Amino acid sequence: MNVRLSSILGVGVMMTLIVIVVAILDTIFGHRLSSSVGNANSSGPASGANSVQASTQDSARLAEINQELLEAFRTSTETSRSLDEAQRMAEQWEQDLSSLMNNDEGRLIASHADLVQKIAYLQSQTRPTSAEITALRLSLTPLDAEVTSRYGLSKPEPLPGNVLAQLHDLHSQTQSIHETWSAATEQLRAIIREAKRRSPAPPSSPAPPATPPAPPQVVSPASVAATASSPDASANSNASSVSAPAAIGNAVPNAAPPQPPAGATVTPPAPTDAAGLKAAVQQRQDDEALAEMEATIQAERERDKLAAQRKAAQEQLQREREEQQAVLLAEAQSPEVSQLLSPFLTKRYHQPRLAGSSVQMQRTFDEHPMSLTALQSVGALEASEYGLEVLVRVASHRDLAPPKWQYRPSPRTWSRETRATLIKTQDALRRLGPVLVENGLLSQ
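If you're matching positions, the sequence shown starts at 369 in the numbering used here and goes up one per residue.
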């Protein structure tokens, strides 16, 4: 009975353990499976959204790169074209200017002093040379290569560094050069056209001499009667009536056209054809260009005049300053001043300085005359009673080696002559100090 009971209990325990193990395994694997499915379901839409967003960003970036390349390509092309035109105008301008030395246009210009002056003005202006234009072309070449190697590709790489900024800078420089040479070319052509307009017209070929009128015929009564009786009298009469006015007209010289009264302003007739209108517009443009050039020449002449006057005034001021410095130096080197300033001009190993409210002598490594700056900093050059007192303390200090003053620093002990000497010394140091420093007689 006991054995059976224990067997039953053992089987029950085993069944219980099996149930528990199955429950645990179901819990573990079921959780993992559901987690995997959940993760798969949740990650699918997010991954798709991220992919779409990345594709949109790539498209926007590609559009930016293509836009930048288009701008760079246009800028490079315009710059290259402007450089070509500027180079051509520069070479043509030099050629036209050289041709004026030997051709008829140059001789026409040479007969008018104002036009010669304008040509000289054009020659004096500084313009970019062909070599400078070539240098810009060389700077453009590597930038253009960077653009053309990418332009037109389906997925181009972005331009490196500041290529676009450099292209814009070159384009700006080229435009300025182009405008400069365009203006110079137009001014030269305007001068040539003006010289041609001023030149006298070539003499026209003489007109053929007029046929002299036939001498008048003497008609006798017999011939009149014969004519009247002739069957062709009527026809001859009509012919005579036609030829007579013609003969009279030939005999009378052509009347001269009426002349305007003296002093009257003659206005040329307005052009009626397209060529005349174009010539009038061109002349007005030439007049404006020449007037602008004349104004520029006059302005530069005035600037040169003012600059010359300013330079002359500066040179005069410099001469006066040098003369004044020479006078001051001569005074500073005079025996009287040398004796008066000997305590300050002598080289020593001491310089004055303030220690609180008292004046002390600070030892230096090198031997120098007294410092003008040190004298000013301690107050020895102040135009006052205090300044004179400090000056005496410096020049008679106990640490100072001779030569030095023997005056006492108390103003009550100064005689009238002593005070006059102190004032004279202080004035000499203030007036002559810069000259003495410049010539090494005083330290800075």
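Cβ coordinates follow ideal geometry from the N, Cα and C atoms, glycine included. Quantities reported herein were computed from a predicted structural model and do not represent experimental measurements.
In this structure, DSSP gives Val746 a state outside helix and strand, which the three-state scheme calls coil. Where Ala751 is concerned, there is no enclosing alpha helix (DSSP H), because DSSP gives it neither an H nor an E. Within the model, the alpha-carbon separation for Pro568 versus Glu688 is close to 58 Å. The criterion of a C-beta distance shorter than 9 Å is satisfied by Gln491 and Leu465. Inter-residue distance for Arg671 and Arg678 is about 10 Å (C-alpha atoms, whole angstroms). Going by DSSP, Ser522 is part of no alpha helix (DSSP H) at all; its letter is neither H nor E. Looking at the backbone, the Cα of Val705 and that of Glu699 are separated by about 7 Å. For Tyr717, the secondary structure class from DSSP, reduced to helix, strand or coil, is strand. A straight line joining the alpha-carbon of Ala440 with that of Ile665 spans about 40 Å.
Taking a contact as a CB-CB distance under 8 Å, the pair Thr542 and Ser450 counts as one, their CB atoms being some 4 Å apart. Rounded to whole angstroms, the gap between the alpha carbons of Ile791 and Gly724 is 25 Å.
Residue ranges of uninterrupted alpha helix (DSSP H) with 4 or more members, entirely inside the stretch 490–555 and ordered along the chain, are 498–516. By the criterion of a C-beta distance shorter than 7 Å, Arg566 is surrounded in its chain by His480, once the five residues flanking it on both sides are discounted.
Our two residues, Arg776 and Ala681, have alpha carbons roughly 50 Å apart in a direct line. For Asn807, the closest alpha carbon among the candidates Trp782, Leu768 and Leu740 is that of Leu740. If you draw a 10 Å sphere on the C-beta of Ser444, you find 16 or more other C-beta atoms in it, and that means buried.
About 6 Å separates the Cβ atoms of Asp767 and His718, confirming a contact at the 8 Å cut-off. Within the same chain, Cβ atoms closer than 7 Å to the Cβ of Ile433 are found at Pro524 and Pro526, the five residues on either side in sequence being excluded. From the listed residues Ser507, Ile545, Thr497 and Tyr489, the smallest Cα separation to Ile559 is found for Tyr489. In this chain, Arg776 is not harboured by any alpha helix (DSSP H), its DSSP state being neither H nor E. Below 8 Å, too few C-beta pairs join the stretch 423–437 and the stretch 466–478 to call them touching: fewer than three.
For Gln730, the enclosing beta strand (DSSP E) covers residues Ser726 to His736. As DSSP reads the structure, Leu722 sits in a beta bridge with Val727. Distances from the CA of Leu709 to each of Val760, Arg557, Gln693 and Tyr754 were compared; the closest alpha carbon is that of Val760. When DSSP states are grouped into helix, strand and coil, Ser811 belongs to the strand group. In this structure Ser498 is in contact with Gln455, their Cβ atoms being roughly 6 Å apart against a cut-off of 8 Å.
The three-state secondary structure of Ser710, taken from DSSP, is helix. Taking C-beta atoms under 8 Å as the contact rule, Ser783 and Gln774 fail to qualify, at a distance of about 13 Å. In the three-state reduction of the DSSP assignment, Ser567 falls in the coil class. If you draw a straight line from the Cα of Leu658 to the Cα of Ala503, it is about 32 Å long.
Rounded to the nearest whole angstrom, the CA to CA distance from Arg429 to Leu438 is 14 Å. Minimum Cα-Cα distance from Ser726 among the listed residues Phe733, Thr553, Gly747 and Ser550 corresponds to Gly747. Taking a C-beta distance under 9 Å as the contact criterion, Leu508 and Thr548 do not qualify as a contact pair. 9 Å or more divides the Cβ of Arg721 from the Cβ of Gln707. The residue from Thr789, Leu511, Gln744 and Pro496 with its alpha-carbon nearest to that of Gln534 is Leu511.
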